[in-house]
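One structure below.
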Amino acid sequence: MVGVNGDLEKLRGEQYLKLHPDRVAMQDASAQTALLQFMTTGMSRTAVPASIHCDHLIVGKDGAESDLTSSIATNKEVFDFLQSCGEKYGIQFWGPGSGIIHQIVLENFSVPGLMMLGTDLHTPNAGGLGAIAIGVGGADAVDGLTGTPWELKAPKIMGVKLTGQLSGWSSPKDVITHLAGILTVRGGTGYIVEYFGEGVANLSCTGMATICNMGAEIGATTSTFPYQEAHRRYLQQTNRGPIADAADVALGKYSFLKADAGAAYDKVIEIDLNTLEPHVNGPFTPDLSTPISTFGETAKAEEWPATVSAGLIGSCTNSSYQDMSRAASIIRQAEAAGIKPKIPFFVTPGSEQIRATIERDGLIDVFERNGAVVLANACGPCIGQWDRTDVPKTSTESNAIFTSFNRNFRARNDGNRNTMNFLTSPDIVTAMIYSGDMNYNPVTDSINTEKGPFRFEPPSGDELPNSGFIKGREKFYPDPNPQPKADVQINVSPESDRLQLLEPFAPWSGDELTTTVLLKVEGKCTTDHISAAGSWLKYKGHLENISYNTLIGAVNKETGEVNKAYDLNGDAYSIPELMFKWKEDKRPWIVVAEHNYGEGSAREHAAMSPRFTGGSIILVKSFARIHETNLKKQGMLPLTFADEADYDRISSGDELTTVDLRDMIAKDGNNGGFLKMHVKKRDGSEFEFLCKHTMSKDQIDFFKAGSAINYIGNLKKEQEANA
Ligand code: SF4
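Residue numbers 718 to 1440, in my numbering, belong to the letters of the sequence shown in order.
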């Protein structure tokens, strides 16, 4: 950490930190943008160790072997690109089938005290092993990859005190599903969640990872645990005994890595593990939490489907050895009682190491001989890559699935908006496949069999495999110490519709900016409105193609139409089409909008695409902070109205020219925070009004260079030339 002195408590929620992450992990969907941006810096290697994980693009359908073969064929171009980036820059490349990013990070890279960035929202999973691990977008990852300090508003700290001990059917998943119910999806925003209390000592390392993983569902910056005996056991079993020894010294000699007695938390929540019962969260939001004891009656009252259509366990959230062995213990009980699953059941191992170890220990055999489909070591159904055959995507009837995953927004799993995903522990999912009845509570209820009523005993499992982990197939492992190879060519076909090399954005000309209002947006405009996801995701590595989604969800204030803008001669276009036309016409544009523009995710294409399609300024009543920062990183000028009433005076087609931009830049942004704008309306009338800016010295440098990446690239090239 640099730039932080004095009282840390006074920084929380107020000031910005400049952080130096120790490593960066990237999953295949978001790695494309991160690496395309990194390439434009011209650096020959990454400043910190980094890894690429091919997990999000693998379809789950018939089983690991055939699904993997077909998914590799479909995504070959993307995987080849990522692999060649790995070779050129010395980044570990974990290929398709090797496992899910967060499970691999936990098994190989996460250690107590590590600070890492990952281009995935569930990166905090590594906090289960005492890391501070934060999910970011590609441009932020490039800060880490280039060794540029990464900026974060100092989070507040929420303490979650765990007392007692889990038992019976309750599991670590229930800690976080219950907490999500208390805090809601926004309750952790701006916080790091730190777990403490005597209940922590009774959790497994992988259980703690499950809890940290789903901290993303309460909006937390990240979550973490103090160093425990369970961490020592996990590090030793994953061949990292010396790290456990070092952590012991850090704890014993220097009192690091522990929850400080009397720590000043900004908020404290207490959970008694003795009384915590299994929870089921959903549908459609991860914070709608219902204890299993009342789930049946709630389902009836809410008119959720009466039956469950499928059960799925695994994913990065719940695919530990402990999870799998507990699930297998339930299946063995059912097998002994002579009962069979009533609904389809899918198992997704989180890594090749987990898959191979549970295969050796007979668990895969238990799953498969009882009808489960074991899918590839990848995200599969968790991220919409479920080629489901029993319920069509277009079905208008609701159906319920039980999963051990972490998110349950509409259409996330099978592309069907009417599939209700109920999130719970692998234990409850597995028991549920034998009933299929939404009213069934395995903790108290029996299932009727030919031999009479059958009731499951609570699951049991091993925290870690008694015979240790085995690696599995060598082909899934990368070079542990990859070195950059300057002569590797990164081939991106100009004909590709999935990948496109990035051209650096043009630096600032040194003149005032003259722009034309392309669109006046009405009301809410989130990053989903600015850069739609869904079917556009396949173009994440192709900036031009994905930019055809820019602002397609925005409402035109002047006409009430969605995705409609008008050229100066009155011709109607879709919004991105007019952007591209004006880019071609060399007419820089400005978009005017209302409050909290860019709220939602940190989606960087919401800033890259406007810049790519010829935008110069976004002028709004207020910004969502992360989006405002993203715009600055891409070389755009984000401004707010000093007087909101001026929004009403601006119309599409008006010409807006900055009056004192050069002065503001000459003063490195320290010009009092205002900028004057001159307006030439189409009827010939003219006036001036005041805007506000929040450009810092660093951000002025980004603007002058054309983007943060350009600026970093220029610096690094200078440093390499002088080395
Ligand atoms: S398994 Fe699901 S939550 Fe985990 S990384 Fe993959 S898509 Fe994200």
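Backbone N, C-alpha and C fix where the C-beta goes; we use that ideal spot for every residue, glycine too.
Hey, is residue i close to the ligand SF4, as in C-beta under 6 Å from one of its heavy atoms?
| i | result |
| --- | --- |
| His770 | no |
| His839 | yes |
| Ser940 | no |
| Ile1100 | yes |
| Ile1030 | no |
| Cys929 | no |
| Cys1096 | yes |
| Ile821 | no |
| Cys1242 | no |
| Ile817 | yes |
| Ser1123 | One point to set straight first is that residue 1123 is Asn, not Ser, in the sequence displayed. Yes. |
| Cys694 | This structure cannot settle anything about residue 694, because the visible part of the chain is limited to 718 through 1440. |
If distances are taken between C-alpha atoms only, which option among the options comes closest to residue i?
| i | options | result |
| --- | --- | --- |
| Ser1177 | Pro1197, Ala1148 and Lys1349 | Ala1148 |
| Lys1384 | Ser1010, Lys1421 and Leu1181 | Lys1421 |
| Val776 | Asn792, Tyr1194 and Phe942 | Asn792 |
| Lys1192 | Phe1173, Gly812 and Ser1184 | Gly812 |
| Glu1294 | Ala918, Asn1262 and Ala1323 | Asn1262 |
| Glu1019 | Thr1007, Glu1372, Lys1281 and Tyr806 | Thr1007 |
| Ser768 | Leu774, Gly1240, Asn1280 and Asn1198 | Asn1198 |
| Leu1080 | Gln732, Pro866, Phe1171 and Pro1182 | Pro1182 |
| Pro943 | Asp1245, Ile849 and Lys1397 | Ile849 |
| Asp739 | Lys1303, Leu834, Leu785 and Lys1409 | Leu834 |
| Ala1362 | Val1309, Arg1399, Ser1026 and Gly881 | Val1309 |
| Val1025 | Thr1244, Ala1425, Ile1164 and Ser1152 | Ser1152 |
| Met1325 | Glu1174, Phe1340, Glu1301 and Gln1351 | Gln1351 |
| Ile1126 | Gln1206, Asp1004 and Pro1058 | Just to set this straight, residue 1126 is Phe in the shown sequence, not Ile. When only C-alpha atoms are compared, the closest one is Asp1004. |
Would you identify the three-state DSSP class for residue i, choosing helix, strand or coil?
| i | result |
| --- | --- |
| Ser825 | Looking at the sequence shown, residue 825 is not Ser but Asn. Of the three classes helix, strand and coil, the one that applies to Asn825 here is helix, per DSSP. |
| Gln800 | helix |
| Phe1358 | strand |
| Pro1008 | strand |
| Asp1214 | coil |
| Gly1270 | coil |
| Gln732 | coil |
| Met1041 | helix |
| Met1296 | helix |
| Arg809 | In the sequence on display, residue 809 carries Gln and not Arg. Gln809 falls in the strand class under three-state DSSP. |
| Ala1324 | helix |
| Met1381 | helix |
| Thr1231 | strand |
| Ala1425 | helix |
| Asn1035 | strand |
| Tyr908 | strand |
| Met833 | strand |
| Ile986 | strand |
| Val719 | Unreliable positioning characterises Val719 in this predicted model, as indicated by a pLDDT of 37, which lies under 50. A coordinate reading is not provided. |
| Pro1175 | coil |
| Glu1069 | helix |
| Ser1121 | coil |
Using a Cβ-Cβ cutoff of less than 6 Å, which residues in the same chain neighbour residue i once the five nearest sequence positions on both sides are dropped?
| i | result |
| --- | --- |
| His1395 | Thr1374, Val1376 and Glu1405 |
| Gly864 | Ala764 |
| Pro729 | According to the sequence provided, residue 729 is Arg. The question's Pro does not apply to it. Cβ within range, chain order: Ala871 and Lys873. |
| Ser1299 | A small correction: the amino acid at residue 1299 is Trp; Ser does not occupy that position in the sequence shown. Excluding residues within five positions, the ones whose Cβ falls inside 6 Å are Trp1306 and Gly1331. |
| Phe798 | Leu1216 |
| Thr906 | Gly936 |
| Phe810 | Ile769, Gln800, Gly803 and Pro1195 |
Looking only at its own chain, which residues have a Cβ that is under 7 Å from the Cβ of residue i, when we skip the five neighbours before and after it?
| i | result |
| --- | --- |
| Glu1321 | Thr750, Gly854, Gly855, Ala856 and Asn1347 |
| Asp1380 | Asn1388 |
| Gly1240 | Val1272 and Glu1311 |
| Met760 | Thr863 and Lys1433 |
Within the same chain, show all residues whose beta-carbon is closer than 8 Å to that of residue i, passing over the 5 residues directly before and after it, in chain order.
| i | result |
| --- | --- |
| Ser1010 | Glu994, Asn1158, Val1160 and Thr1161 |
| Met718 | Low confidence applies to Met718: its pLDDT is 39, below 50, so where it sits in the model is not reliable, and the reading given next is rough at best. Hits under 8 Å: Leu734, Lys735, Leu736 and His737. |
| Phe1222 | Arg1328, Phe1329, Gln1351, Gly1352, Gly1423, Ser1424 and Asn1427 |
Run the proximity test for residue i: is its beta-carbon closer than 6 Å to any non-hydrogen atom belonging to the ligand GDP?
| i | result |
| --- | --- |
| Ile935 | The ligand GDP is not among the ligands present in this structure, which contains only the ligand SF4. |
Checklist entry - Do the region 910-926 and the region 1132-1147 make contact, defined as three or more Cβ pairs closer than 8 Å? => result They do not touch, by the three-pair rule.
Next on the checklist: Between the region 997-1007 and the region 887-904, can you find at least three pairs of beta-carbon atoms closer than 8 Å?
Outcome noted: Yes: at least three Cβ pairs fall under 8 Å.
Next on the checklist: With a threshold of 8 Å, are at least 3 pairs of Cβ atoms found where one atom belongs to the region 835-842 and the other to the region 914-921?
Outcome noted: A contact is defined here as three or more CB-CB pairs under 8 Å, and the region 835-842 fails this definition with respect to the region 914-921.
Checklist entry - If we count Cβ pairs, one from each stretch, closer than 8 Å, do we get three or more for the region 1125-1136 versus the region 1052-1069? => result Taking 8 Å as the limit for Cβ pairs, the verdict is that the region 1052-1069 does not touch the region 1125-1136.
Checklist entry - Between the region 1028-1035 and the region 1063-1078, are three or more C-beta pairs nearer than 8 Å? => result These segments touch.
Item to check | Inter-stretch contact at 8 Å, needing at least 3 Cβ pairs: the region 820-831 / the region 962-974 | outcome: Per the Cβ contact rule, the region 820-831 is in contact with the region 962-974 (3 or more Cβ pairs under 8 Å).
Checklist entry - Between the region 923-938 and the region 1035-1046, do three or more beta carbon pairs fall short of 8 Å? => result Under the three-pair Cβ rule at 8 Å, the region 923-938 counts as touching the region 1035-1046.
Next on the checklist: For the pair the region 1356-1376 and the region 1223-1243, tell me if three or more CB-CB distances fall below 8 Å.
Outcome noted: Yes, the region 1356-1376 is in contact with the region 1223-1243.
Checklist entry - Is the region 1250-1262 close to the region 1209-1223, with three or more CB pairs under 8 Å? => result With the cut-off at 8 Å, the region 1250-1262 and the region 1209-1223 touch.
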